[in-house]
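For reference, the structure discussed in these notes is given below.
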Amino acid sequence: MPQLPANGLRALSLYSGGGGLDLSFERAGYEHVASYEILGHAAETLARNRPNWKVFGSEAGDVKGVDWTSWKGKVDVLHGGPPCQPFSNAGRQEGHLDPRDCWPATAAAIKAVQPNAFIAENVPALAGTKFSSYVQEIILTPLTAGRPRYHVRQFILEARDFGIPQVRRRVFFVGFKTKRAAEAFEVPEPTHAWNEPTSNLLPTMSLREALGLPKDNRYVEGLSPTIRSGLTGPRHTTSVNNSASSARTWASMGVWPNGVAVDRTAASGFPPDSGAFRMSVADVALIQGFPESWTWPRAVYQAVGQIGNAVPPPLGWRVARAVAAALKA
Ligand SMILES: C[S@@+](CC[C@H](N)C(=O)[O-])C[C@H]1O[C@@H](n2cnc3c(N)ncnc32)[C@H](O)[C@@H]1O
37 MPQLPANGLR
47 ALSLYSGGGG
57 LDLSFERAGY
67 EHVASYEILG
77 HAAETLARNR
87 PNWKVFGSEA
97 GDVKGVDWTS
107 WKGKVDVLHG
117 GPPCQPFSNA
127 GRQEGHLDPR
137 DCWPATAAAI
147 KAVQPNAFIA
157 ENVPALAGTK
167 FSSYVQEIIL
177 TPLTAGRPRY
187 HVRQFILEAR
197 DFGIPQVRRR
207 VFFVGFKTKR
217 AAEAFEVPEP
227 THAWNEPTSN
237 LLPTMSLREA
247 LGLPKDNRYV
257 EGLSPTIRSG
267 LTGPRHTTSV
277 NNSASSARTW
287 ASMGVWPNGV
297 AVDRTAASGF
307 PPDSGAFRMS
317 VADVALIQGF
327 PESWTWPRAV
337 YQAVGQIGNA
347 VPPPLGWRVA
357 RAVAAALKA
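Positions 37 to 365 (our numbering) are the ones given, in order, by the sequence shown.
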């Protein structure tokens, strides 16, 4: 995910979390105009890593309470991943009945800011039949009618197809003000392939390789299960495991998804009784595609929560680049 030269486009970030999509856009050459994030500790991660960014955190970062008119005409691309708990298979899937649902606020922000394009990301369950009328009524109808009227594309991407050593599917909604840009937009094509020796694409590395573990029979080759969006369940967890079946997959690969340690020294000093490899925050960030230079809070539950919620930056980078190319076509 190399840093691309400035592309002259301004990006506004909503629901910024610990900065996955923000980093994608920065590396794709966009100018960062501001981030809005309700969780103070996540906003602090952004401010600490990028002291020159304008970051609105806590109450000032609540997307539901912002008057967006001051941003009108000053943003080329608005991006964000509204909270996924109302739709996630891991939750009750109550959609608009869940008070954490932020899609109406997202659509309202887009209509008020009037960017040339937007990117909104979420769990793939939102693209399933259960939420098809929700998507139509709450997302598509408001955005594709009235002024401005967006031409919206919807697609699912797999993180492993972009070199991330993790099974992680996400749905993207990408909208353009002009039909021309919408028609020029190309959904990013896979750059990597997992376990396909005859493929012409680059090989996606295994979890073992990503963690730098030796090649022996303790560590079966495989991909990390989806890193849990840790701020969705009990708050103070230091686990990145998201289900019983994922726990079996982690165990089969000789890696312990619980008790993530603050750093590698602490992780190696206290291995679990099973003898499996204990991960540190830096390891989890690596599996999510973050550069090592991006720093995290000392409180592990905050760090793994922010990492687990993130769009893997190299995946977001592909989408950010594709949107820039369409806007410039
Ligand atoms: C799925 S995460 C976004 C992750 C981010 N896109 C990334 O790539 O790192 C959703 C974020 O929305 C934040 N959030 C929830 N409700 C919010 C609100 N009303 N206003 C602003 N942020 C909110 C959560 O704290 C969480 O960090």
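Just so you know, even glycine gets a beta-carbon here, dropped at the ideal spot from N, CA and C.
inquiry  = What does DSSP give as the partner residue(s) for A47 in the beta ladder?
reply    = H68 and V113
request  = Can you grab the Cα-Cα spacing for the pair H115 / P122, in whole Å?
outcome  = Separation of H115 and P122 (C-alpha to C-alpha, rounded to the nearest whole angstrom) is 19 angstroms.
task = Kindly list the residues whose CB is nearer than 7 angstroms to the CB of P261, restricted to its own chain and excluding five residues on each side of it in sequence; keep chain order.
result = V203, N278, S282, T285 and W286
request  = Give the range of the beta strand (DSSP E) segment to which W230 is assigned.
outcome  = Taken as a continuous stretch (DSSP letters only), W230 belongs to no beta strand (DSSP E), as it is neither H nor E.
request  = Rank N125, S52 and P87 by C-alpha distance to the C-alpha of P118 and give the top, closest one.
outcome  = S52
ask   = Can you tell me where the beta strand (DSSP E) with N294 in it begins and where it stops?
value = V291 to A297
Heavy atom of ligand 1 within 6 angstroms of L75 beta-carbon = yes
ask   = Between A78 and ligand 1, is the CB less than 6 angstroms from at least one heavy atom?
value = For A78, the distance from the CB to the nearest heavy atom of ligand 1 is below 6 angstroms.
task = Apply the 10 Å Cβ neighbour rule to A42 and answer buried if 16 or more other Cβ atoms are within range, or exposed otherwise.
result = By the 16-neighbour rule on beta-carbons within 10 angstroms, A42 is exposed.
key: heavy atom of ligand 1 below 6 angstroms from V113 C-beta   = No - ligand 1 has no heavy atom lying nearer than 6 angstroms to the Cβ of V113.
ask   = Hey, I263 and G344 are a contact pair by Cβ (cut 8 angstroms); roughly how many whole angstroms apart?
value = 5 angstroms
task = Spatial neighbours of N125 within its chain, please: CB distance less than 8 angstroms, with the 5 preceding and 5 following residues excluded, ordered by chain position.
result = If we look at N125 and ignore the five residues flanking it on each side, its Cβ neighbours are V159 and A161.
ask   = L238 bridges to which residues according to DSSP?
value = H228
message = If contacts are defined as beta-carbon pairs under 8 angstroms, then S60 and P349 qualify, I think. What distance do you get, rounded to the angstrom?
response = So it is a contact: roughly 5 angstroms between Cβ atoms.
ask   = Just checking, does the segment 176-196 make contact with the segment 144-154 on the three C-beta pairs under 8 angstroms criterion?
value = Contact check between the segment 176-196 and the segment 144-154: three or more CB pairs, one atom from each, fall below 8 angstroms, which counts as touching.
inquiry  = Is the separation between the beta-carbon of G211 and that of L179 shorter than 7 angstroms?
reply    = yes
task = Please work out which residues of its chain come closer than 6 angstroms, Cβ to Cβ, to L92, disregarding the five sequence neighbours upstream and downstream, and give them in chain order.
result = It should be noted that the sequence gives Phe, not Leu, for residue 92. Within the same chain, F92 has close Cβ partners Y72.
message = Comparing C-alpha positions only, which one of G311, A362, T274 and A356 sits nearest to R334?
response = T274
key: Coarse secondary structure for L193, derived from DSSP in three states   = Reduced to three states, the DSSP call for L193 is strand.
ask   = Does the distance from the C-beta atom of L40 to that of A64 stay below 7 angstroms?
value = yes
inquiry  = List, from N- to C-terminal side, the alpha helix (DSSP H) runs of 4 residues or more that fit wholly inside the segment 170-224.
reply    = For secondary structure counted as the alpha helix (DSSP H) over 4 or more consecutive residues, the segment 170-224 holds these complete runs in sequence order: 177-180 and 215-220.
key: Reference A70; option with closest CA among W89, G44 and E232   = W89
inquiry  = Based on DSSP bridge pairs, tell me the residues matched to A156.
reply    = The secondary-structure analysis by DSSP pairs A156 across a beta bridge with G116 and F209.
task = Might you give, ordered along the chain, the residues of its own chain that have their beta carbon closer than 7 angstroms to the beta carbon of M37, omitting 5 neighbours on each side?
result = R63, P349, P350 and W353
key: Residue burial classification, T81 (beta-carbon count within 10 angstroms, cutoff 16)   = A residue is called buried when at least 16 other Cβ atoms come within 10 angstroms of its Cβ; T81 meets this threshold and is buried.
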